[in-house]
Structures are given as C-alpha cells and as structure tokens.
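Take 1 as the starting number for the sequence shown in full-length UniProt numbering and just add one per residue.
Built from N, CA and C at the ideal position, the CB exists for glycine as well.
Given the structure is predicted, the values throughout are model-derived calculations rather than measurements.
Some notes on the structure that comes next.
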Amino acid sequence: MLAIYPSNGTHYVKHIDNPMKDGRCITAIYYCNQNWDVEKDGGCFRLFPETSGVPLDIEPRADRLLLLWSDRRNPHEVRPVYRDRYAITVWYFDTSEKLAAMAKKHKQNMVDEKVENKQELQQTILLNNEQKLQQSRLSSSDNFAKRESGILSSHDNISSNFNIFHPTVSSTQQSPSSLQTTFGTEKIMKHGNGINV
C-alpha cells in the first residue's frame, strides 16, 4: 500500500493494524522522504509499545524500514504532517489466521445474503398482501354499491302492524295519567320505498 499524507496537517489517529484477527502479523513500512526535517515537517510515526509507558517517535526518513507486530502489542499513530509524506506499507500474513478470517467473512456474507433475501421476500409478501387487500376493498365497495341500489330504508324491515310511540312532552311536565293521552301510538304503513306515518 502506498500512503501519501498531504502537507496540510494530515495525520492518522492512534490505531492497531489488526484488531480483528484478519491474518496480518507483521507490518513493514518503508519511507521515501528525502531530507526530512521532523522539526519543520512533522509526520513522526509514534509507537505506543505494550512494554513501555513512554511513546516512541520514529522519523520517516528516506530509505528507512520499520517492522512491528500488527496486533495489539503496537498501537501507533502518524503525527500531523507539514510536507508531503510518502510511505510504502506491506503486511506479512499468518496463513491459518488469514484462512480462518476469510472463512468467517464468507460465512458472514452468506448469512447477510440470506437475511437480505428473507427481507426482500417478506417485503414482496407484504406488498402482495397489500395489493390483495386493496383489490378486496375495491370489489367489496363495488358489491356494496350494487347492493345499495336495491336496499330499502331500515323501516322496510318493520312489520306493517308494528306500533311506535312518539313522545311529545317529557314525563316531568305531565302527570302519569295524562301521559297515556299525550303518548299516542301511530301505525306505520309501508308505501313504496318510503314510509307513511
């Protein structure tokens, strides 16, 4: 990998190259920076070794090769750069860890693909169900409209001999004896589609 850090204060935060056991075991960095002045140009490689509480600054001088473990033993960062900085990085891999990482990634991709396919299928089913529901609602409203034209009023279901009371005053305004004369009964007669009282 060729890493080019532009001269505008670019930096790389503290990190570990292989935090996820992806197979990288050794990091090799080759610097390509002629006449590097760390006081003026910045860009030190700062190493935080597990075995020391004091960070170690390494200048990125031309033709310098830096080797370090890629795992948690060597967290590192690149300090801000004020002149274009060039480095070539190569990783050496542990074969068994790399193969295990590839198998794990393949398995995860298969799971992700199955989940994605399942979600797509569920979405299709929901869409189909929604379409069926809409069609059902449309046909129900069509059937209702057809039936509605043949429906008479609700009074058509009342027999012709049925009596309905029509109170004209409240019971608190009249005595119980006068209620019988006030509340008359009227016979409802069917007449066509309407009702005569």
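Check: Whole runs of the alpha helix (DSSP H) within the UniProt domain "Fe2OG dioxygenase" (1–94), excluding any shorter than 4 residues; Outcome: 38–41
Check: Beta-carbon separation (whole angstroms), Pro6 vs Asp84, contact threshold 8 Å; Outcome: 6 Å
Check: Buried versus exposed call for Asn109 [16 or more other C-beta atoms within 10 Å across all chains shown]; Outcome: exposed
Check: Test item: CB-CB of Asp82 and Lys40 under 9 Å; Outcome: Asp is not the amino acid found at residue 82; the sequence shown has Tyr there. Contact: yes.
Check: Closest Cα partner of Glu97 within the set Met1, Gly9 and Cys25; Outcome: Cys25
Check: Best match in Trp69, Val111 and Ser140 for proximity to Phe93 [C-alpha to C-alpha]; Outcome: Trp69
Check: Stretch pair the region 124–131 + the region 48–60: three plus CB contacts closer than 8 Å; Outcome: no
Check: Buried versus exposed, by CB contacts within 10 Å (16 or more), Ala62; Outcome: exposed
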